[in-house]
Each structure stands twice: as structure tokens, then as C-alpha cells.
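Protein chains in written order, with the numbering used here: chain A, 1143 to 1643; chain B, 1164 to 1309; chain C, 749 to 1069. Each remark here refers to the structure printed beneath this line.
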């Protein structure tokens, strides 16, 4: 078996006391970085890259450390989502929807353990997928042109419709706010700046991290001031942390499905972990229907996005390693690391540098197990955060957010934008306008526009080009059947039978 | 009721301004079939329609805080803006202690704990970020140590 | 432990200044981690430290924004006399300066230290493409411009877009607004679009296509250099095929304008040491970079020339009015 020989090679490289130690350090640092708002996996890895040079690590050790940080940050993002309703990074956005209600109900420990297990399942399956299928899956990227990419993003936006809550118009308005913000900056297809007012700081657009931290973390501070710390999960009496076996068992299919969805989303260049967790959450919500009680602390609503985003993190390594196309911000940073180590990812990497590829896969597996083992005892430490009084915790979270955002560009401009987003977030939530579609609009809007306009360049403005491949047609069908039709069908189905006279 | 109508109107006006601004983009003659204006204008139109809907079909009134709380919120915004502007010229420690202390006081108006949490957080976070994560924060105003 | 902690600080994004005599040099990469500028800073910084040209590791700061404009503006406005600062630059810097994309900033507001390697421009097609030479491709576009779409890693009007337009202009094809080009996120993405058959050709740099050439997914129709590139002797130049176009993406550095001549010369000397090192030669070979060393005073003249050329070209083809 070639596979086992390869894997043995990988473990012989990655499995030594030193590398194990590095994996543990990396997992710990990664978890902390992921949990801090504003410091996500991509800038976390970027911050730690110099460490590998200055410690004089060889290529393998550096890879072990960085992949541990990468997976660690993916695990860590969920912690502040669940405890504080503030996503630690953008893929953890969807975890706030059910994780925070669960914590408010006094089940913070359960939510953390359940999401930890879901993260493990997602990441583990994705690593296996990477191992077995990477060279094959690389070809998938060749099937996605502008038309297919447009259909993919359209699918995501149709899923948004199911998100809107009570008032559809407000959901759509929220998405429009996000899309509108996404349009700011230099337009790729014409090279012209749009809506920037001539301000250089806006030429690259508004970083979605600024928006997330503003809309969630800063807005949360305003709500605390308004309520003087009441009406939150902070101060909730915590049950003893146990392993919620029933929740884990009842969400087993959710985890498996979400891992699959997330992995596929991760493989597609440009989609990334956020799309993975989003589509995983929305499709589980669709499957469960109104009985699933999504949005009110449903176990499946916690498991789905975490399995999805961790699987996507693994999936994103496929195009990065086999094509040199980074599927997400973090894989772009890992790509930089590889290149600095004189390893050039691309179609020949698997044959020319098997020790690198299999060493990486082995270290991902190791990191994953370390994270699972580390997370269960650590949950006890994390839930203690909720016992910190609000008048210490909230200023602390705010200051951490400022430092995290400041580290993006080192300019006060992003900080001012963040405060503005905080005020916007406060008003939106007061008016019952959901903030998650705003973020998704920012994340996906630019990509969707680019894809559509590229498609029109290629087809000379012929719209039928958008439906010209089986994949595109399949995605359109999924969008319409899965997310648009139910909106119109639901009222019909729910209608009580006419009273007989 | 009223707040949905007011903000519907506000969002509507912003959307109109948003629709107007891309029309100012100068297009070079090198352009794609759709061009840089269509998407922003389309987004603006949909946003405007949703805003009008909010004006005419408002949800039940939300509860706004008392005027005094608004004052606290206003102070918080001012503190955060000042903090953003002070971070580069004055270094990390002093602005952070002041901003964190003021925020703490807004959440729970007791002087002692607020001062303690301001100073404590400032030092703690500096140590964590500078030495734990290796961010190159500047501790004090640059002038002090030349 | 102390050393450990100091080292962790290297490259941190927040470092605005470190005080005292223990100052480490800082290299600003005006883009997010992962791109060419980031590569320049990290490689040159690492080699400078390894060969002892600097006595502390060079800190890499990523300052993304406005295609390098934010960093350029920062250096001109706030760091004009910082002797410990170097900034990664490339042909893209010159292109943007030429197209006035840095909000009115000009090339003479900084000092260009030098370039130590160049990424040759290439035009590639999928392995199964019907086009066997650059001539075939140009003829096809002349016959029907809508039959060929190019993909490239830069936005419309950027360097990757200019390459095929220059070739077509030399071939006497003047209706360049008819040429189809899509700007995607980086060279590798442009290749997947071309291998996938969505576009018929890809315009990019040699370093972006090396892996795909070896794997046999793509064929290079032409390299845009004066001589064939060592290691890739089977790829003909555009000049050989009758199209007089040379377009290389040089990798280099600039420093703030108000540093003393001594400081400038010191950086030039360090850069020369990197250029002469074996480690850099290996790096170049591994990444498809061609030798291209222009360090010191004559480099500023080269950059000025490049800026003028791109400005003229951009006006000719209508990207700039």
C-alpha cells in the first residue's frame, strides 16, 4: 500500500519529541489567537512566521508549528463566539447564532465541548480527504470558471434569504449594506477606484475583520453599557463541565454532512472557510426545518458551522498544495511560508517533495488530536471567562479588538472605521436588522461581482453563458430548490386546514 | 413604529446617495460589458426599496434607552474615537489605561474598580501582546526614550 | 528565553519604531503575506541576516493597501529619514507610479536602491491548445479578437494586462479595446482558468508557471526577455518570433528619500552582497527568477525610464488619458 508507506514516511518525519512539543505550543498559541477578536488565523500565522526563522527551525519543524497554529486558530475562533457573541474570526461567525444562546441558557460548557468535537470531526475528515484525494481533487479547480463561481456565490446569497428572520425586507437590507460596503475600493475589472472619496485607505476596500469586530465586539460593549451588564450570559451560574454525549450523538449526521459540505467549499479557490461554515449551517437549518429551533441554541446549529469551517480549513490546503492557489487568507500566508522555505507548491509538489507533503499531513493529524485532548480540559478554563465581571471583561475585549485591528495595517483609520461599525451594529440590532448578512455581503459580494463580470467578458455579454455547464446548472438548481422555493412553499404548507362547517 | 420609519427614511437617503455616487466614476474606454457602475447602482436600488418598505410597514417599536444612558453611550463613542487617535502618538500603556478605565466606569459606575481595571488591563494586555504573542507594541510616547 | 522573546517580536506588524541602539532593520512589504513583495522582504531579509550583512534579523511588516500606495505614502510622509527602513518594490511599483495610482506621489519621492533578480514575463497556453507559437495566437486575435481571452494576475490596466497588449501593438493590431482580459487573484488562479479552458491564454511571470510547466499542464509560447532564460532554453523569446517586446518583473527595494548617502550606499552594498550570495542564486533558480542585478545610483535612472515607458504605453493603449 503506497498510502501507508507515504503516511509512515510522514510520521517518521513529524513524530519526534521536538516536533510534538512544537505541535503542542502551536496548538495552544493558535487557540488563543483564534479566540481573540480581530486576531484570526491569517494574521496569527503571519505574526508567528518570523518565530520559525529565529528559532532556526528546519522546514519540517516550521511546517508542524505553523499547521498546528492554523488548526488551533480554527478551533479557537468558536470560543469567543459562544461565550461572548463575538466571533473570534470570520469562519466562527455562524457559531454565534446558536452557540451564544446556548451559553446564555447556562450551557456554555456543553456548547464548547460539542463544538470542539465537531471541529475535530471536520478537521479530521478533511485531513483524511486531503490525504486520499488531493491530487485528484486538484482537478476540481479546473472545472470552476467565472460562470460556475458566480452560481456558487449566488447559492450562498439564496441561502441568505432563509436567514432573514421575521422581516424579510430587513434581512435583504442588511445584505445590501454588506454588498454596498464590498463595492468600496479599486474595481478589479476596470482598475478604477469606486466610492473611495479619493481616500487611499479605502483603495483596497474595507477589511471584513474591521466590520466583524466593529459590528459584534464594539456593538456588544454599547449593549453592555445600556443594560449595565444584565441580560447576558456573563454571570450565569455554570453547571459542572461534562461531556454532552447525547448532543454529540444526536448531531453525528450533522457533523458528517457539514464536514463534507465544508471540505468541498474549502477546495474551491476563493470560497474558503467562511463559506464552508455558512453553507453547512444553512443546509442543516433547511433540513431540520422549523422544528430544528435553529437560532435558539440548537445543538445542530453549534455542530454544523464548526464541522463545516474546520473541514473547509483542511479542504483549502488542497488547491494551495497542488496548484499554489490559496483558497483563503490563511492558506495564502502558509503559501508564503512554504515559498520562504524554498518549497514551491504546485502540481509537481506531491511527486517532487513527498516528505514535505506527507510530513505536513502527519503533523495536521497530530495537531488535530492534540487539540481535541487539549480542548476538553481547557473548556473549564475558558468558561471561567464568564465569571469575570463585565466591568473588567468588556473593556478588556474592546482593547484586545483595538490591538487586533491595529495589527492589520498599523493605521488609526481602521480603528475609527471599527468604532463606526460598532455604532452601526448597535442601531441595526436595535431595529432588529440582522448583522450576519452584513458580514456575508462584505465577504462574498466582491467575489460575486467579479465572477459575473468576468463571465460577461468571456461571453461578450451573452447571459446564457451563466448556464452553460452542468456544474453551473446544478448550482443554480440547488439554489432555487434548496433556498428560494421553500420560502414560497412554507406559507402554503403551514396553512391550517380550512375549518369544516 | 416611529424608529423604523425614521431609520427607513435615513437608510433610503443613504441608498440614494449611494446610487448617485457611482455615476461619477469616469469609465475609460477599456471596459467590460457590465462596467463598474451596474452593481453598486443595483445594490442601492434594492436597499432603497427595502428602506421604503420599512417606512410603510414598520415593525413594533423597539425600546430605546433613557436619555441618560444615551449620554453614557455618547461618552463611550468619544472615548473609543479618542483612543483610536491616541494609540499611535502616545504609545499603548497610557491611552489604554484611560480608555479601559472610562469604559469600565460606564458599565459599572464605581470609581475604585474602574481605575483598577483600567490600569490592570493596560499592563496585563501589554505583557500578553508584547511578550506572549510578540506584537511590537510601543509602550510609551516615542519622545520619552528618544 | 529572552532571546526567544526578542525573536518573537521580529516581523510583528505593529512595530512602528524600536528605540535605542539595538534597532533591527525593518522591511515593509506593501501587501498582504503571500505575494511577491512579501517574498522579496522575507527572502532578502533572511539572506541578509544569514550572511551577516545585518546583525539582527530583518523585521518584515506587511502594510497592504492601494496596491502599495499606502506604504509608499507612509514612507514619504512619515518615515522620510528612517535609516533602518527598506521597502519591497517591483515593476508593479513603477507601473502604478506611471499610471498615477499613488494619489499623485512620484518616483523621485523615494530612493530606489536596486533590483537583484527579475521574473521574466511569459505568455502561456494550455497543453492541448491549438496555438503553437506566439504568431499563431496573434493571427487568431487579428482574425477574431473575441476568440481569445487572456487571464492574468493583475487588475485591468496592470502589468499582466499590458504584456499581451504590447505584443499586439508591435504586431500592428491597434483595436486593443477588443482584446479580452480578465484579472483574477494571482497567477496560479489565472493558470487554472486557462488549463480549465475558460480563457485561451495566460499572461504572467515565469515564477508563477514553473510548476505547471514541469507537470505538463501548460506550454509557454514566449518569454518576454532579450535572451532565453537559463534552465528554460526551450522557450523562445518574443523577439525571436518577431515581436519586439521585453517585459520583466524586477524585484528590488527602495528606501526613504532623506537618508544620508552613506546609509543609501550601505543598503546598496548589503543588497549587492545578497545578490552575490549562493543562497540567493539558489532561491532564484528555484523560483524561475532570471539574474538581473542593478544596484546603486544607476538604478534610479532605470526606474525613471521604466516609469516613462509604461506611462507612454498606458496613454497609447488608453488605460491612462
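Heads up, the beta-carbon is just placed ideally off N, CA and C, and yes, glycines get one too. Given the structure is predicted, the values throughout are model-derived calculations rather than measurements.
- As computed with DSSP, residue 1619/A is found in no beta bridge at all.
- The alpha-carbon separation between residue 1061/C and residue 1052/C amounts to approximately 14 Å.
- Taken atom to atom, the span from the alpha-carbon of residue 1543/A to that of residue 1179/A is near 5 Å.
- The straight-line gap separating the alpha-carbon atoms of residue 1202/B and residue 1325/A is approximately 8 Å.
- Chain-ordered, the chain B residues with CB closer than 7 Å to the CB of residue 1318/A read 1206, 1209, 1210 and 1213.
- Boundaries of the alpha helix (DSSP H) harbouring residue 823/C: 817-826, taken from the DSSP string.
- Among the bridge pairs identified by DSSP, residue 874/C is matched with 966/C.
- The beta carbons of residue 841/C and residue 999/C sit no closer together than 7 Å.
- Interface criterion not met: the Cβ of residue 1337/A is under 7 Å from no Cβ in chain C.
- In chain A, no part has a C-beta under 7 Å from the C-beta of residue 1278/B; the shortest such distance is about 11 Å.
- Residue 1517/A counts as buried, since at least 16 other C-beta atoms from the protein chains shown sit within 10 angstroms of its C-beta.
- Bridge partners of residue 998/C according to DSSP: 866/C.
- In the structure shown, residue 1387/A adopts helical secondary structure according to DSSP, grouped into three states.
- In the displayed model, residue 1427/A falls within a helix according to three-state DSSP.
- Residue 1199/B has a beta carbon lying within less than 7 Å of a beta carbon in chain A.
- Around the CB of residue 1241/B, fewer than 16 other CB atoms lie within 10 Å, so the residue is classed as exposed.
- Around residue 1060/C, no beta-carbon contact reaches into chain A at under 8 Å, the shortest distance being about 18 Å.
- For residue 984/C, there is no enclosing alpha helix (DSSP H), as DSSP marks it with neither H nor E.
- For the region 1235-1250 of chain B, the beta-carbon criterion of a distance under 8 Å to any beta-carbon of chain A is satisfied by 1235, 1236, 1239, 1240, 1243, 1244, 1246, 1247, 1248 and 1250.
- For residue 1203/A, the closest of 1225/A, 1159/A and 1358/A by C-alpha to C-alpha distance is 1159/A.
- In this structure, residue 1504/A and residue 1268/A do not form a Cβ contact; the two beta carbons are roughly 15 Å apart against a cut-off of 8 Å.
- As computed with DSSP, residue 1020/C is found in no beta bridge at all.
- Within 10 angstroms of the beta-carbon of residue 1595/A lie 16 or more other beta-carbons, which makes it buried.
- Contact between the region 1342-1362 of chain A and the region 1216-1226 of chain B is not established, with fewer than three Cβ pairs separated by less than 8 Å.
- Under the 7 Å criterion on CB atoms, residue 1253/B is classed as non-interfacial with respect to chain A.
- Proximity of residue 1329/A to chain B, defined by a Cβ-Cβ separation below 7 Å, is satisfied.
- What residue 1537/A touches in chain B, judged by beta-carbon distance under 8 Å, is 1262, 1263, 1264, 1266, 1267, 1270, 1280, 1281 and 1284, going in chain order.
- For residue 953/C, the three-state secondary structure derived from DSSP is strand.
- Within chain A, 1541 have C-beta atoms less than 7 Å from the C-beta of residue 1259/B, given in sequence order.
- Listed along the chain, the chain A residues whose CB falls inside 9 Å of the CB of residue 818/C are 1342, 1343, 1345, 1346, 1551 and 1553.
- Annotated three-state conformation of residue 774/C is strand, per DSSP.
- Around residue 1490/A, the beta-carbon contacts reaching into chain C at under 7 Å are 959, 962 and 963.
- Interface residue (Cβ-Cβ distance to chain A less than 7 Å): residue 1288/B is classified as such.
- For residue 1610/A, not one C-beta of chain C is nearer than 7 Å to its own C-beta.
- With respect to the 7 Å criterion, residue 1555/A and residue 1357/A are not classified as neighbours on the basis of their beta carbons.
- In this structure, DSSP gives residue 1488/A a state outside helix and strand, which the three-state scheme calls coil.
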